[in-house]
Amino acid sequence: MRIIRCRLNRLIKTSICATLLISLVYVISLVVITVKENQCSNEESLHFIEDLCEDYKSHRVEGRLCEAICESKDIIFQKCANYRGGKVVLLAQCNGRCQEGKNVKAVIKTRRWEGHHFEPLNLGTHGNKSLTADSLKIAKTLMNDLIYSTTKVNMGSIKDIFEKLWEMDFTSFVKSARYPGADNVVIESLWKLLNQDEYLFMSVNKDSHFIPKIYGTCGGVYVTEYAPSGENLNSSPSIFTAKKGGWVERASIALQILDICQSLDIDFHEPLHFCDVKEENFGLDSKKQVKIIDTDSLFYDTSMMKDLGDPKCKSHQECDFFDCRGWCDLEKEKCVPKRTNNNLQNVCEDIFIPRAHNFYTGLLFYPPDEIAAELKQLLEECAYPNRNKGEIVRTPTPTEVFWKLVTLLKRSKHLTKQNRKIADKHHQKQNIVSALYLCV
Numbered sequence: 001m002r003i004i005r006c007r008l009n010r011l012i013k014t015s016i017c018a019t020l021l022i023s024l025v026y027v028i029s030l031v032v033i034t035v036k037e038n039q040c041s042n043e044e045s046l047h048f049i050e051d052l053c054e055d056y057k058s059h060r061v062e063g064r065l066c067e068a069i070c071e072s073k074d075i076i077f078q079k080c081a082n083y084r085g086g087k088v089v090l091l092a093q094c095n096g097r098c099q100e101g102k103n104v105k106a107v108i109k110t111r112r113w114e115g116h117h118f119e120p121l122n123l124g125t126h127g128n129k130s131l132t133a134d135s136l137k138i139a140k141t142l143m144n145d146l147i148y149s150t151t152k153v154n155m156g157s158i159k160d161i162f163e164k165l166w167e168m169d170f171t172s173f174v175k176s177a178r179y180p181g182a183d184n185v186v187i188e189s190l191w192k193l194l195n196q197d198e199y200l201f202m203s204v205n206k207d208s209h210f211i212p213k214i215y216g217t218c219g220g221v222y223v224t225e226y227a228p229s230g231e232n233l234n235s236s237p238s239i240f241t242a243k244k245g246g247w248v249e250r251a252s253i254a255l256q257i258l259d260i261c262q263s264l265d266i267d268f269h270e271p272l273h274f275c276d277v278k279e280e281n282f283g284l285d286s287k288k289q290v291k292i293i294d295t296d297s298l299f300y301d302t303s304m305m306k307d308l309g310d311p312k313c314k315s316h317q318e319c320d321f322f323d324c325r326g327w328c329d330l331e332k333e334k335c336v337p338k339r340t341n342n343n344l345q346n347v348c349e350d351i352f353i354p355r356a357h358n359f360y361t362g363l364l365f366y367p368p369d370e371i372a373a374e375l376k377q378l379l380e381e382c383a384y385p386n387r388n389k390g391e392i393v394r395t396p397t398p399t400e401v402f403w404k405l406v407t408l409l410k411r412s413k414h415l416t417k418q419n420r421k422i423a424d425k426h427h428q429k430q431n432i433v434s435a436l437y438l439c440v
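Mapping of the sequence shown onto UniProt numbering: position 251 corresponds to residue 251, and the numbering continues sequentially without gaps.
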């Protein structure tokens with residue numbers, strides 16, 4: 001009997017080990033496949049640049065920076081960053097063409113069009129390949145409709161919508177072009193740009209302080225300001241992912257992120273929802289200004305409510321859209337068109353405080369002793385407004401918590417600077433005493 005029992009125990013243990021091993025192999029395989037799909041090579045990226053330049057030389061694409069990329073080589077490819085999320089992201093050096101008189105780093109971006117359904121406009125032309133007057137009107141209407149359906153911004157009143165979105169004088173360019181049908185090439189290039197949500201959002205909202213600048217375009221490719229987060233652009237570790245920088249610097253960045261939260265709520269024609277809040281979606285420009293570097297995760301309120309209200313459900317989790325938490329009407333088994341948390345709650349939970357599961361220390365680690373206890377309590381209120389730590393939060397953080405955080409962080413910066421001055425004076429006194437002691 002004992003022998004049978006021992007054999008049975010061994011068999012059970014062997015089965016469990018085999019199951020765990022198979023599961024582990026499966027998970028590793030998935031990780032390897034995902035990594036391969038997201039990997040990019042410099043060789044592949046150089047071919048991408050060559051193909052773009054071939055299209056430019058053959059008059060199939062146009063843009064303000066085509067010449068800089070393909071002829072003068074003022075924009076020089078350095079390395080590929082990633083091909084994640086269906087995007088091509090390349091790092092480049094831009095010499096005097098992105099910022100006048102300055103040599104700066106820049107980011108070359110476009111969508112990976114493989115697997116995406118994209119239809120050119122194919123507008124009517126004259127015998128010399130230039131667009132007819134009716135075709136230009138149709139192009140303006142289609143572009144305005146696309147912009148409005150995505151952003152709810154109406155550009156119908158803008159005299160030259162092409163110039164606004166392409167950032168070049170469309171009429172002057174067409175007149176000075178040395179080949180027929182240049183207007184058609186421009187319109188098709190612009191149409192390809194507008195069919196990329198990130199370019200469309202950045203172009204329409206280019207005056208927002210937290211949106212990276214667009215320096216120019218070439219066909220469906222756009223060149224933007226370099227604002228690395230660290231992890232996702234393979235640069236040195238950023239302030240978000242490493243214990244780097246003093247408290248004053250980190251508190252300043254936290255204040256900027258809080259300012260972005262407020263801006264998303266009140267500075268646009270309707271609120272914007274930030275649905276993928278993580279450290280690698282924020283970047284710092286050369287002036288240490290915080291930018292949102294993945295605007296694909298920003299959604300206007302109208303669009304967000306429509307998406308949240310569509311699916312059928314049997315639990316609240318089924319109504320969530322990444323960090324934007326939904327709500328299920330359990331009786332009707334249908335998602336309600338409302339978001340239950342808010343941007344501030346996400347920022348506090350995902351950026352400001354530590355997360356044990358991935359060893360992220362939180363941006364606001366090691367605060368000054370004078371505010372440590374107060375800050376900890378305030379961050380808990382912000383991240384878990386219902387005091388439900390450990391659960392999925394479905395409550396918005398009150399505005400009063402926002403203002404308390406802003407006030408406390410500003411005070412902490414002042415305290416830190418004061419403490420530095422006191423420490424410096426104490427250090428100077430010690431040096432003087434040491435010098436006098438040596439003289440005696």
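Every residue, glycine too, gets a C-beta built ideally from N, C-alpha and C.
N-terminal and C-terminal residue of the alpha helix (DSSP H) that residue i is part of
| i | result |
| --- | --- |
| Glu-225 | It is not in any alpha helix (DSSP H) - Glu-225 instead sits in the beta strand (DSSP E) that spans 221-225. |
| Arg-97 | Here Arg-97 belongs to no alpha helix (DSSP H); instead the beta strand (DSSP E) covers 87-99. |
| Gln-262 | 247-266 |
| Phe-48 | 42-57 |
| Leu-284 | Where Leu-284 is concerned, there is no enclosing alpha helix (DSSP H), although the beta strand (DSSP E) it sits in stretches over 282-284. |
| Leu-375 | 369-383 |
| Gln-345 | 343-347 |
| Glu-279 | No alpha helix (DSSP H) contains Glu-279, which DSSP labels as neither H nor E. |
| Ile-392 | Looking at the DSSP string, Ile-392 is not in any alpha helix (DSSP H), and its letter there is neither H nor E. |
| Glu-67 | 66-70 |
Residue closest to residue i, alpha-carbon to alpha-carbon, out of the options
| i | options | result |
| --- | --- | --- |
| Gly-219 | Glu-100, Val-277, Lys-192, His-209 | Lys-192 |
| Val-290 | Glu-167, Thr-399, Ala-251, Glu-380 | Ala-251 |
| Gly-283 | Ile-293, Gly-86, Ala-139 | Ile-293 |
| Ile-138 | Thr-125, Ser-297, Lys-129 | Thr-125 |
| Phe-365 | Ile-253, Thr-340, Asn-388, Arg-111 | Ile-253 |
| Asp-296 | Glu-391, Pro-180, Thr-150 | Thr-150 |
| Glu-71 | Thr-132, His-117, Ser-263, Arg-97 | Arg-97 |
| Lys-164 | Leu-194, Val-185, Ser-176 | Leu-194 |
| Glu-44 | Pro-228, Arg-112, Pro-120 | Arg-112 |
| Phe-299 | Glu-391, Leu-46, Asn-342, Gln-78 | Asn-342 |
| Val-107 | His-116, Ala-177, Glu-119, Ala-92 | Ala-92 |
| Ala-81 | His-117, Phe-170, Phe-321, Cys-40 | Cys-40 |
| Thr-141 | Phe-118, Asn-128, Leu-123 | Leu-123 |
| Phe-352 | Phe-402, Asn-42, Ala-177 | Phe-402 |
| Met-304 | Phe-274, Glu-370, Glu-119, Met-143 | Phe-274 |
| Asp-323 | Asp-145, Tyr-148, Leu-308, Glu-119 | Leu-308 |
| Lys-79 | Arg-60, Lys-109, Leu-146 | Lys-109 |
| Ala-68 | Arg-394, Tyr-148, Val-393, Val-221 | Val-221 |
| Ile-392 | Val-336, Glu-331, Trp-327, Ile-76 | Trp-327 |
| Phe-118 | Asn-281, Ser-189, Phe-210, Glu-374 | Ser-189 |
| Val-313 | Glu-380, Phe-321, Lys-334 | Residue identity differs from the one stated: residue 313 is Cys in this sequence, not Val. Among Glu-380, Phe-321, Lys-334, the Cα nearest to that of Cys-313 is on Lys-334. |
| Phe-321 | Phe-210, Asp-329, Lys-332, Lys-306 | Lys-306 |
| Pro-337 | Lys-389, His-316, Asn-346, Gln-345 | His-316 |
| Gly-127 | Phe-170, Gly-246, Gly-181, Leu-146 | Gly-181 |
| Leu-255 | Phe-201, Glu-167, Leu-272, Leu-344 | Leu-344 |
| Lys-213 | Ser-176, Val-104, Leu-46 | Val-104 |
| Ser-208 | Leu-146, Tyr-199, Ser-263, Asn-144 | Ser-263 |
Identified DSSP bridge partners for residue i
| i | result |
| --- | --- |
| Val-336 | Trp-327 |
| Leu-298 | Phe-274 |
| Phe-118 | According to DSSP, Phe-118 bridges with nothing at all. |
| Phe-321 | Cys-324 |
| Thr-125 | Leu-131 |
| Lys-312 | Lys-334 |
Where the beta strand (DSSP E) through residue i begins and ends
| i | result |
| --- | --- |
| Lys-105 | 102-111 |
| residue 462 | Residue 462 falls outside the range modelled here, since the chain spans only 1 to 440, and no answer is possible. |
| Lys-79 | 75-82 |
| Tyr-215 | 214-218 |
| Lys-291 | 290-292 |
Beta-carbon proximity check, residue i vs residue j, cutoff 7 Å
| i | j | result |
| --- | --- | --- |
| Pro-368 | Thr-407 | no |
| Asp-270 | Asp-301 | The sequence as given places Glu at residue 270; Asp does not occur at that position. Closer than 7 Å, so yes. |
| Ser-130 | Asp-51 | no |
| Leu-405 | Leu-378 | yes |
| Val-277 | Asp-350 | yes |
| Glu-62 | Val-185 | yes |
| Val-248 | Lys-413 | yes |
| Val-204 | Tyr-215 | no |
| Asn-95 | Asp-74 | yes |
| His-59 | Tyr-179 | yes |
| Arg-325 | Arg-394 | yes |
| Ile-260 | Phe-210 | yes |
| Arg-64 | Met-155 | no |
Start-end ranges of the alpha helix (DSSP H) lying completely within the stretch 140-208, minimum 4 residues: Within the stretch 140-208, the alpha helix (DSSP H) runs of at least 4 residues that lie entirely inside it are, in chain order, 161-166, 170-176, 182-194, 197-204.
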